Amino acid sequence: MFRYLFTIAIFILTVLAAFAQMVNPEQNLFSDEPFFNPEFIKKNKIKSISTEHFFKPDQEKMHPKGLIIIYEFSPDGNINKRISKYRMPGGDFDTTYIYYEFDQAGRWSIKRTIDNFGFYSLTFIHDEKGNVIEEVLSRELNATASKGNFILSKQYHMGSEKYEIDYITSNFFKKRFLNNIGKPFKEIAYALNDKGKVIEETGTFLTTRMLERKTYKYDANNRLVEKTEYSDASKQAELLYEYKYDEKSNLVEIKKLRNSLPLLVTDFMLDERSFIIAKLSRDNAAKMIDVIKFSYEFHL
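In our numbering, the protein residues as written are 10 to 309.
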């Protein structure tokens, strides 16, 4: 009976952790990839998140970077647009857009970016297990004159990258990167734990035999608490990332270290709803703090 109740408690804590976190630490945070937790966004009916970016050198006041990034979400919680506004020397903004699409299974299926000549799209094709086996690059034309309102008019295929995946066991598989004549040039081996989380990635460039290695550790609630990165190419000691959470399972700190010395320390300031209101990143070498302030709009 105790074992049964303990299992239920762990399950509830894991579910609460999944819903509590606004961002997913296992993704590339604050990149142009999806990294917000769709369940959190959906539950809290968040329509958009606006971020203003600042920097503060040691012993100086804070200065604006002239950068505003807006993330827009659909009612199902998935991101559908990222708008970056850069303030130019004359005061005007140069605005760029990234559009996102997801398939019925909730998998990221299209990334669409814009330049001065039009749109490019990357279409991600998945296998039955949800892993990407092909990325298709296309040039696209917008049926409207507005960069902020994309409707596909024409599409021109430009190329693709293909991958082979060999599922060796339920907890181990290999992904091969193929060149333009279908020959593998890189291979990554993935080891998973019993909960399906990646615990080790070992990448090998097949011609040079150069190695890249990442390891991941999780706590009892299946939260990422430690990651290491090593590459033969860098000729430096491995990087260590440490992740800390509050009592509600919100991510509150990430430390990036080498040889036990902190290179970058990122703190997340949260309100009572577990919304991020500020992100502060201390770069010790540059003696600089990057600051991002957050504001929100909601679906009715």
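Where a beta carbon is used, it is the ideal one built from N, C-alpha and C, also for glycine. Note that the coordinates shown come from a computational prediction; the quantities given were computed from them, not determined experimentally.
Using a 10 Å radius around the Cβ and a threshold of 16 neighbouring Cβ atoms, would you call residue 220 buried or exposed?
exposed
With DSSP collapsed to three states, give me the class of residue 186.
In the three-state scheme derived from DSSP, where H, G and I count as helix and E and B as strand, residue 186 is classed as strand.
Roughly how many angstroms separate the alpha carbons of residue 114 and residue 158, rounded to a whole number?
25 Å
I'd like to confirm the pairing. Which residues does DSSP put opposite residue 79 in its beta bridges?
59 and 92
How should residue 40 be labelled, buried or exposed, when 16 other C-beta atoms within 10 angstroms of its C-beta is the threshold for buried?
exposed
Tell me which residues share the same chain as residue 105 and place their Cβ nearer than 7 Å to its Cβ, disregarding the 5 neighbours each side in the sequence.
When the five nearest sequence neighbours on each side are left out, the beta carbons in the same chain lying within less than 7 Å of the beta carbon of residue 105 are those of 93 and 123, in order along the chain.
In chain order, which beta strand (DSSP E) runs of at least 3 residues are fully inside the stretch 125-195?
127-135, 141-151, 161-178 and 181-187, all fully within the stretch 125-195.
By the three-class DSSP mapping on this structure, what secondary structure does residue 210 have?
strand
Which word fits residue 225, buried or exposed, when buried means at least 16 other C-beta atoms lie within 10 angstroms of its C-beta?
Label assigned to residue 225: buried.
Could you tell me the distance, in whole angstroms, from the CA atom of residue 11 to the CA atom of residue 229?
Confidence at residue 11 is low in this model, with a pLDDT of 33, below 50, so the placement of that residue should be treated as unreliable; the coordinate-derived value is given next. Their backbone Cα atoms lie some 17 Å apart in a straight line.
Quick one: give me the first and last residue of the beta strand (DSSP E) that residue 253 is part of.
First-last of the beta strand (DSSP E) with residue 253: 248-254.
Considering Cα atoms alone, identify which of 45, 209 and 168 is closest to residue 181.
209
Would you give the residue range spanned by the alpha helix (DSSP H) that residue 226 belongs to?
No alpha helix (DSSP H) contains residue 226, which is instead part of the beta strand (DSSP E) from 220-227.
May I ask you to report which of helix, strand or coil DSSP gives residue 54?
coil
Does DSSP classify residue 284 as helix, strand or coil?
Coil, per DSSP.
What residues are listed by DSSP as bridge partners for residue 317?
For the chain, the structure presents residues 10 to 309; residue 317 sits outside this window and is missing.
For the stretch 148-156 against the stretch 131-139, do three or more pairs of beta-carbon atoms, one drawn from each stretch, fall closer than 8 Å, so that the two count as touching?
no
Helix, strand or coil for residue 69 per DSSP?
coil
Between the stretch 96-112 and the stretch 167-184, do three or more beta carbon pairs fall short of 8 Å?
no
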